[in-house]
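There are 2 protein chains.
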Amino acid sequence: MLIERAAAMLGRHEPVSLRSVVAGTGVSTMAVYTHFDGMPGLWRAVRQEGFARLEEQIAAVGITDDAVRDLTALGVACTENALSAPDLYRVMFDAATGSEDATATATTSAAATDETFDALVDAAARARAAGRFRADIDPARLALRWRAAGHGLTMLVLGGVITASTARAEAETVATALFVDAGDDPDRCRRSVAAGWAD
Amino acid sequence: MLIERAAAMLGRHEPVSLRSVVAGTGVSTMAVYTHFDGMPGLWRAVRQEGFARLEEQIAAVGITDDAVRDLTALGVACTENALSAPDLYRVMFDAATGSEDATATATTSAAATDETFDALVDAAARARAAGRFRADIDPARLALRWRAAGHGLTMLVLGGVITASTARAEAETVATALFVDAGDDPDRCRRSVAAGWAD
DNA sequence: GCGATGCTATAGCAGCGCTATGTATTCTGG
DNA sequence: CCAGAATACATAGCGCTGCTATAGCATCGC
């Protein structure tokens, strides 16, 4: 399928153009228009494919009785997904790539993000129910803070500003700071966060 | 100059192309090649212009005796700079935009980031010297955490995933969590962070 | 004054996304 | 089972992109 092909070319740092993506497949450029309504539609499909892969990786994170570990591990899964396919990640979250209308991209990203984001919110809610976080903590807000911080570190890695190992170390500190701020016990939080990276 | 023109067109959401940027200026397309070595060079120049403006806005943040407030305010200045010119911010930090070689963009961003980043590191160092942070805190690492979190929230706003007001609220919580984690007194930290937004 | 050097304008290249058009193929109704 | 309708296809070409080769012009050193 053209979507997988586009994603593969993206990973190989090859330019993905209307003509290059259909070259060798035997199909013509018109197929892109009948199936995807043009290149913006193909980018949209690639974006959804990226979110599907992210969702898959998110689902692979097991649920344990340590919800704080789970919450950490979910964030780690997002980051690992991004670093394993940087260009795809950029297509997913950067409205400029694919030169599509920014608002359309935003809608797609926001909707697709919600699904993968639910897992983090659930983990945060479970942690609160287990007494790890204060009762007045909004799980969605806490998950957003954690996800946004990870997203920022990831984007800086993708932009070449910092290295992946630096981001890894700082993410651990940030996670601990956020979760302790939400009410978790510092020592216990540190252990849970560390466990979140231990596969 | 073509750089300002390109930045202005970027802000007006107009497509910035070789021909469109020179249209009306009287100069020919060749000027872009003699002065900027092609479109990638022009994007590089626009990026530097963006960092210059950011540096200007960073410099406008006054130094007070409350270094934590200053550190917060510097992060706020970065965010405000981004939201006031979203497309320019994307060009600055997104390697894909301008379709330049990713590594070259990374080098430019990393180097230019260092200069604007120094102000945050200095503020963090002053806060540590004032006893607000623990002695074992690395100012550069703490500043990176704060900046990365703000960057992540900003990118999500630019991507349409969250609103600016949501980012504003979460940034305050994140800043407090990070600075308290670094050793600051919770109540005092909250006041300083809040003051960071109060212009 | 004059040759040399550097900048500029023009024309044209290959590539891009996209569309109009004619053809083939596949569903659908009787 | 077959005619008619609807859909998907390949081709050719449009206007645009970044870029470059060439020719003309200005300026500077001597």
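Top line first, the protein sequences correspond to chains Y and C.
When we follow UniProt numbering, the leftmost residue of the first sequence carries the number 1, and every step to the right adds one.
When we follow UniProt numbering, the leftmost residue of the second sequence carries the number 1, and every step to the right adds one.
Each residue gets a CB set at the ideal place from its N, CA and C atoms; glycine is no exception.
Discussion item. Does the CB of Glu170 of chain C have a neighbour CB from chain Y at under 9 Å?
Written reply: Looking up residue 170 of chain C in the second sequence gives position 170. Yes, contact with chain Y.
Worksheet entry | Burial state of Asp114 of chain Y (16 or more Cβ within 10 Å) | Locating residue 114 of chain Y in the first sequence gives position 114, where the first residue counts as 1. With fewer than 16 Cβ atoms within 10 Å of its Cβ, Asp114 of chain Y is classed as exposed.
Worksheet entry | Backbone secondary structure at Ser99 of chain C - three-state DSSP | For the purposes of this step, residue 99 of chain C is identified with residue 99 of the second sequence, where counting begins at 1. With a pLDDT of 39 at Ser99 of chain C, under the threshold of 50, the modelled position of that residue is not reliable, and the figure given next carries that caveat. Looking at Ser99 of chain C - three-state DSSP - the assignment turns out to be helix.
Practice prompt. Give the straight-line distance between the Cα atoms of Thr64 of chain Y and Thr79 of chain Y, rounded to the nearest whole angstrom.
Written response: Walking along the first sequence from the start, residue 64 of chain Y turns up at place 64. Walking along the first sequence from the start, residue 79 of chain Y turns up at place 79. About 20 Å.
Item to complete: Taking only beta carbons into account, state which residues of the region 149 to 163 of chain C come closer than 9 Å to chain Y, listed in chain order.
Response: Ala149, Gly150, His151, Gly152, Leu153, Thr154, Met155, Leu156, Leu158, Gly159, Gly160, Val161, Ile162
Fill in: Neighbourhood of Ala31 of chain C by C-beta distance below 6 Å, restricted to the same chain and skipping five residues each side
Along the second sequence, one-based indexing puts residue 31 of chain C at 31. Nothing meets the Cβ criterion.
Discussion item. In this structure, how does DSSP classify His35 of chain Y when only helix, strand and coil are distinguished?
Written reply: Numbered from its first residue, the first sequence carries residue 35 of chain Y at position 35. Helix at His35 of chain Y.
Discussion item. For Thr29 of chain Y and Thr166 of chain Y, what's the separation of their Cα atoms in angstroms?
Written reply: On the first sequence, position 29 is the one that residue 29 of chain Y refers to. On the first sequence, position 166 is the one that residue 166 of chain Y refers to. Cα to Cα, the separation comes out at about 43 Å.
Worksheet item: Pro139 of chain Y: buried (16+ other C-beta within 10 angstroms of its C-beta) or exposed?
Response: Residue numbering aside, residue 139 of chain Y sits at position 139 when the first sequence is read from its first letter. Classification for Pro139 of chain Y: buried.
Discussion item. I'd like to check one pair, Thr176 of chain C with Cys189 of chain C: are the Cβ atoms closer than 9 Å?
Written reply: Here residue 189 of chain C is taken as the residue at index 189 of the second sequence, counted from 1. Here residue 176 of chain C is taken as the residue at index 176 of the second sequence, counted from 1. Going by C-beta atoms, Cys189 of chain C is nearer than 9 Å to Thr176 of chain C.
Item to complete: Quick one: residues in its chain with C-beta nearer than 8 Å to the C-beta of Asp101 of chain C, no 5 flanking neighbours on either side, listed in chain order?
Response: Locating residue 101 of chain C in the second sequence gives position 101, where the first residue counts as 1. At Asp101 of chain C the pLDDT is 49, less than 50, meaning the model places this residue with poor confidence and gives no usable figure here.
Worksheet item: Are the beta-carbon atoms of Leu153 of chain Y and Ala148 of chain C separated by less than 9 Å?
Response: The residue labelled residue 153 of chain Y in the question sits at position 153 within the first sequence. The residue labelled residue 148 of chain C in the question sits at position 148 within the second sequence. Yes. Within cutoff.
Worksheet item: What does Arg145 of chain Y reach in chain C if we use C-beta pairs closer than 7 Å?
Response: The residue you call residue 145 of chain Y lines up with position 145 of the first sequence. Within 7 Å of the CB of Arg145 of chain Y, the CB atoms of chain C belong to Glu170, Thr173, Val174, in sequence order along the chain.
Worksheet item: Should Ser192 of chain Y be labelled buried (16 or more other beta-carbon atoms within 10 Å of its own) or exposed?
Response: The residue you call residue 192 of chain Y lines up with position 192 of the first sequence. With 16 or more Cβ atoms within 10 Å of its Cβ, Ser192 of chain Y is classed as buried.
Practice prompt. Could you tell me whether the Cβ atoms of Pro135 of chain C and Arg128 of chain C are closer together than 9 Å?
Written response: Looking up residue 135 of chain C in the second sequence gives position 135. Looking up residue 128 of chain C in the second sequence gives position 128. The identity of residue 135 of chain C in the sequence shown is Ala, whereas the question assumes Pro. Yes, the Cβ-Cβ distance between Ala135 of chain C and Arg128 of chain C is below 9 Å.
Fill in: Alpha-carbon to alpha-carbon, Gly50 of chain Y and Val27 of chain Y
Locating residue 27 of chain Y in the first sequence gives position 27, where the first residue counts as 1. Locating residue 50 of chain Y in the first sequence gives position 50, where the first residue counts as 1. Between the C-alpha atoms of Val27 of chain Y and Gly50 of chain Y there is a straight-line separation of about 24 Å.
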